[in-house]
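Chemist: Under this note's numbering, think of the first position of the first sequence as 22, with each following residue one higher.
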Amino acid sequence: MTIQLHDTMAGAARELVPLEPGHVRVYSCGPTVYGPAHIGNFRSFLFGDLLVRYLRYRGFRVTWVMNVTDVDDRIIKGARAEATTIGELSERHRKMLVSDMQTLGIAMPDFMPKATENIPQMVELIQKLLDGGHAYKTDDGSIFFRIASWPEYGRLARLDPEGMKVGERVEADDYAKDDVRDFALWKGPKPDEPSWETSIGPGRPGWHIECSAMSMRYLGPSFDIHTGGVDLVFPHHTDEIAQSEAATGQRFVAYWLHNAFLQMGAQKMSKSLGNIERVGDVIDRGISPRALRLALSSAHYRAPLSFGEDSLQAASSAIDRLDALFAALATYRCDGPDDATLPDLLDGARAAFEAALDADLNISPALAALFDLVRELNRRIDARVLSTADASRATAFIRDLDRVLGIAPALDESLDLELQKLVDDRAAARAARDWAASDRLRTVLAERGILVEDTRDGQRWRRGE
RNA sequence: GGCGACGUACCCAAGUGGUUAAGGGGGAGGUCUGCAAAACCUCUAUUCGGCGGUUCGAUCCCGCCCGUCGCCUCCA
22 MTIQLHDTMA
32 GAARELVPLE
42 PGHVRVYSCG
52 PTVYGPAHIG
62 NFRSFLFGDL
72 LVRYLRYRGF
82 RVTWVMNVTD
92 VDDRIIKGAR
102 AEATTIGELS
112 ERHRKMLVSD
122 MQTLGIAMPD
132 FMPKATENIP
142 QMVELIQKLL
152 DGGHAYKTDD
162 GSIFFRIASW
172 PEYGRLARLD
182 PEGMKVGERV
192 EADDYAKDDV
202 RDFALWKGPK
212 PDEPSWETSI
222 GPGRPGWHIE
232 CSAMSMRYLG
242 PSFDIHTGGV
252 DLVFPHHTDE
262 IAQSEAATGQ
272 RFVAYWLHNA
282 FLQMGAQKMS
292 KSLGNIERVG
302 DVIDRGISPR
312 ALRLALSSAH
322 YRAPLSFGED
332 SLQAASSAID
342 RLDALFAALA
352 TYRCDGPDDA
362 TLPDLLDGAR
372 AAFEAALDAD
382 LNISPALAAL
392 FDLVRELNRR
402 IDARVLSTAD
412 ASRATAFIRD
422 LDRVLGIAPA
432 LDESLDLELQ
442 KLVDDRAAAR
452 AARDWAASDR
462 LRTVLAERGI
472 LVEDTRDGQR
482 WRRGE
């Protein structure tokens, strides 16, 4: 079975065939670190994470690059307002980004290049465009991409290049240019703005050029997959394609993948709408990181995803259900023979799981396959048809699927000495049929975040939250 | 206006031209249990925004209408 991915350029799902067999090169548009990223941004990064995790699960070698934009108008403005440097401001927010990514269990990209550390690569690219007649310099030292030199401009967004001329946004840009549709590759120096001395003159990079330069640096002039939010289709990715392909003469990207927005009620979550929440806000409200991850992952990436208290509570409950199964499997003891039909059950679950994700990363049926399995395993635990070894096999199996999902409980499930003593004391109290003491200890443990449950295999515990 | 999507139960959300319309959450009842929790069982959409059309048959294809959202050089 092959992996199908919906390519925005084709407007349809296409079979993934890596340029280099067995190796997939992925570039994800990362954030501009002018402030803390909000969870809408993280939906995007989580989508990149799902893609990369699944490709790796399927046995591909993956090289994943996510850029960090650390120079732009908002960063400059922010640094000025705080009387600090763009370097300090952006590094502070980059660290928060990495921290939040770790909280959400997002795999660290192989490379997270900063724009300001790739200026020479951008300059080289811009020089090529100047040499090829695709770019021109204006009086203030800015350099623009000449859209008229690139007939295929706008294909990704299905734009009519002629129709764009009526766009009445001439005033939107402070820089003079030949054609309103032309976009900045390089912005000429201005007082009070950071500027780099380069062979194409002083100034700073435009927004789009960094992604072309950095993706090519780490992945080559032509690579497999480029991801980002739907809002980036135009102009960002449209411009990236034009400048990259005009410079190299090669197809830039083989598959363009775009995720839909996170919805807060009827609208997208966005800073300009003021309806944002941050990872820290949600965690501080007592929602576990895994529940947040599940809530942000539970719909297909190209479908708008509703976010709110209901979805967080639903995800928390689903995580609890998963945790309860792990706890039950860990405590389960039965000396009987192995369940002869368990291998078929697990094979069926895996087949359903993979079939769903093969189809353009359709995570909903994949989660359904997991939770179908959860129910069936609980049934078999109740019926005691599993052997002790079967319980271990089932645990290992779910952990294997979880390489893709990232929602299973942590592996390290040991308690500190004090809590372990309380757990042991309660087991002793129960053995002595001292219900008052055992109930009291159960309450004490619950207040410490440890949920104790009694089963015919004895007492078991799991972490709440 | 141009372009791109969407409307499935109380909420979230898959899906298929035709046997029972996934899964999660919530709710009701039940089993088990010292109690509790967890788990399991049963029930919770004769129906897929509305109206037409194509078809032996449509939620799924086509048209129109209603409603919602996104992008059109700030934007994951």
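Glycine included, every Cβ here is placed at the ideal spot set by N, Cα and C.
On a predicted model such as this, the values are computed, not experimentally measured, just so you know.
Kindly give me the distance between the Cβ atoms of Leu-67 and Ser-332, rounded to whole angstroms, as I take these residues to be in contact under 8 Å.
Modeler: Actually they do not touch by this definition, with Cβ atoms about 14 Å apart.
Chemist: Could you give the C-beta distance for Ala-348 and Arg-463, rounded to a whole number, given that I count them as a contact under 8 Å?
Modeler: No, Ala-348 and Arg-463 are not in contact; Cβ-Cβ is about 15 Å, not under 8 Å.
Chemist: Please determine, among Val-89, Val-54, Glu-434, Ala-156, the residue with the shortest C-alpha to C-alpha distance to Asp-344.
Modeler: Ranking the options by Cα distance to Asp-344, first place goes to Glu-434.
Chemist: Would you mind reading off the limits of the beta strand (DSSP E) that contains Ser-539?
Modeler: It is not possible to answer for residue 539, since the shown part of the chain is limited to 22 through 486.
Chemist: Any idea what DSSP makes of His-279, helix, strand or coil?
Modeler: Correct three-state label for His-279: strand.
Chemist: List the whole-angstrom C-beta distance separating Gly-227 from Leu-206, where the pair is believed to meet the contact cut-off of C-beta under 8 Å.
Modeler: Going by Cβ atoms, the distance from Gly-227 to Leu-206 rounds to 5 Å, so yes, they are a contact pair.
Chemist: I think Ala-128 touches Arg-74, with their Cβ atoms under 8 Å apart; what is that distance to the nearest whole Å?
Modeler: Sure, about 6 Å apart at Cβ, within 8 Å.
Chemist: According to the Cβ coordinates, are Phe-374 and Ala-267 closer than 9 Å?
Modeler: No, the Cβ-Cβ distance between Phe-374 and Ala-267 is not below 9 Å.
Chemist: Kindly indicate which three-state DSSP category Lys-289 falls into: helix, strand or coil?
Modeler: Strand at Lys-289.
Chemist: Can you give me the C-alpha to C-alpha distance between Arg-400 and Leu-350, rounded to a whole angstrom?
Modeler: Their Cα atoms are separated by approximately 12 Å.
Chemist: What residue range is occupied by the uninterrupted beta strand (DSSP E) comprising Ile-164?
Modeler: Taken as a continuous stretch (DSSP letters only), the beta strand (DSSP E) holding Ile-164 covers 164-166.
Chemist: Quick one, which of Leu-110, Ala-102, His-279, Gln-25 has its alpha-carbon nearest Thr-53's?
Modeler: Among Leu-110, Ala-102, His-279, Gln-25, the Cα nearest to that of Thr-53 belongs to Leu-110.
Chemist: Provide the residue(s) that pair with Met-87 in DSSP beta bridges, ordered along the chain.
Modeler: DSSP lists Ser-49 as partners of Met-87.
Chemist: Could you tell me the distance, in whole angstroms, from the CA atom of Leu-37 to the CA atom of Leu-240?
Modeler: One C-alpha to the other measures close to 17 Å.
Chemist: For Asn-62, which residues from the same chain have a beta carbon less than 7 Å from its beta carbon, with the 5 sequence-adjacent residues on both sides left out?
Modeler: Pro-52.
Chemist: Under a Cβ-count criterion, where at least 16 other Cβ atoms within 10 Å of its own Cβ denotes burial, should Val-187 be classed as buried or exposed?
Modeler: With a pLDDT of 41 at Val-187, under the threshold of 50, the modelled position of this residue cannot be trusted; read the value that follows with caution. The residue is exposed, with fewer than 16 neighbouring Cβ atoms inside 10 Å.
Chemist: Evaluate contact between the stretch 244-256 and the stretch 141-161, counting only Cβ atoms and requiring at least three cross-stretch pairs below 8 Å.
Modeler: With the cut-off at 8 Å, the stretch 244-256 and the stretch 141-161 do not touch.
Chemist: Roughly how far, in whole angstroms, is the beta-carbon of Val-86 from the beta-carbon of Pro-141, given that I think they are within contact range, below 8 Å?
Modeler: Rounded, the Cβ-Cβ distance is 17 Å, inconsistent with contact.
Chemist: Please give the ranges of any beta strand (DSSP E) in the stretch 209-278, keeping only runs that are unbroken, at least 3 residues long and fully inside the region.
Modeler: With a minimum length of 3 residues, the continuous beta strand (DSSP E) runs that stay inside the stretch 209-278 are 244-250.
Chemist: Please identify the residue among Leu-150, Met-235, Ala-324, Ser-236 whose C-alpha is closest to the C-alpha of Phe-204.
Modeler: Ranking Leu-150, Met-235, Ala-324, Ser-236 by Cα distance to Phe-204 puts Leu-150 first.
Chemist: Taking DSSP as the reference, what is the three-state secondary structure of Gly-188?
Modeler: Residue confidence is low: Gly-188 scores 41 on pLDDT, short of 50, so the model does not pin down where it sits. Its coordinate-derived value is still stated next. Of the three classes helix, strand and coil, the one that applies to Gly-188 here is coil, per DSSP.
Chemist: Should Gln-264 and Leu-146 be called a contact, given that it needs their Cβ atoms to be closer than 9 Å?
Modeler: Contact: yes.
Chemist: Within the same chain, show all residues whose beta-carbon is closer than 8 Å to that of Asp-168, passing over the 5 residues directly before and after it, in chain order.
Modeler: Note that residue 168 corresponds to Ile in the displayed sequence, not to Asp. If we look at Ile-168 and ignore the five residues flanking it on each side, its Cβ neighbours are Tyr-174, Pro-182, Asp-200, Arg-202, Asp-203, Phe-204, Ala-263.
Chemist: By the three-class DSSP mapping on this structure, what secondary structure does Leu-313 have?
Modeler: Helix, per DSSP.
Chemist: Within the chosen definition, does the stretch 271-284 reach the stretch 24-38 through at least 3 CB pairs nearer than 8 Å?
Modeler: Result yes; three or more Cβ-Cβ pairs closer than 8 Å.
Chemist: Quick check: what's the CA-CA separation for Val-473 versus Glu-439?
Modeler: Looking at the two C-alpha atoms, the distance is approximately 15 Å.
Chemist: Just the C-alpha distance for Arg-451 and Arg-354, rounded to the nearest angstrom, thanks.
Modeler: Taking the straight line joining both Cα atoms gives about 19 Å.
Chemist: If you reduce the DSSP assignment to three classes, tell me which class Thr-5 lands in.
Modeler: Outside the modelled stretch of the chain, which goes from 22 to 486, sits residue 5, for which no answer is possible.
Chemist: With respect to the alpha helix (DSSP H) encompassing Ser-487, which residues constitute its N-terminal and C-terminal limits?
Modeler: Any question about residue 487 goes unanswered here, given that the chain covers just 22 to 486.
Chemist: Per DSSP, which one or two residues make a beta bridge with Asp-28?
Modeler: In DSSP, Asp-28 forms a bridge with Ala-33.
Chemist: Taking three-plus beta-carbon pairs below 8 Å as touching, is the stretch 287-299 in contact with the stretch 85-103?
Modeler: In short, these stretches do not touch, since the Cβ pair count stays below three.
Chemist: List, from N- to C-terminal side, the alpha helix (DSSP H) runs of 4 residues or more that fit wholly inside the stretch 397-463.
Modeler: The stretch 397-463 contains these whole alpha helix (DSSP H) runs: 409-426, 438-452.
Chemist: Apart from the five residues just before and just after Asp-379, which ones in its own chain have a Cβ nearer than 8 Å to its Cβ?
Modeler: Hits under 8 Å: Met-22, Thr-23, Ile-24, Gln-25.
Chemist: Is Phe-81 helix, strand or coil when you go by DSSP?
Modeler: Here Phe-81 sits in coil by DSSP.
Chemist: On the DSSP bridge list, what partners appear for Gln-284?
Modeler: DSSP, once it has assigned bridges, lists Lys-289, Ser-327 as partnering Gln-284.
Chemist: For the alpha helix (DSSP H) containing Lys-98, name the first residue and the last one.
Modeler: 94-103 is the extent of the alpha helix (DSSP H) around Lys-98.
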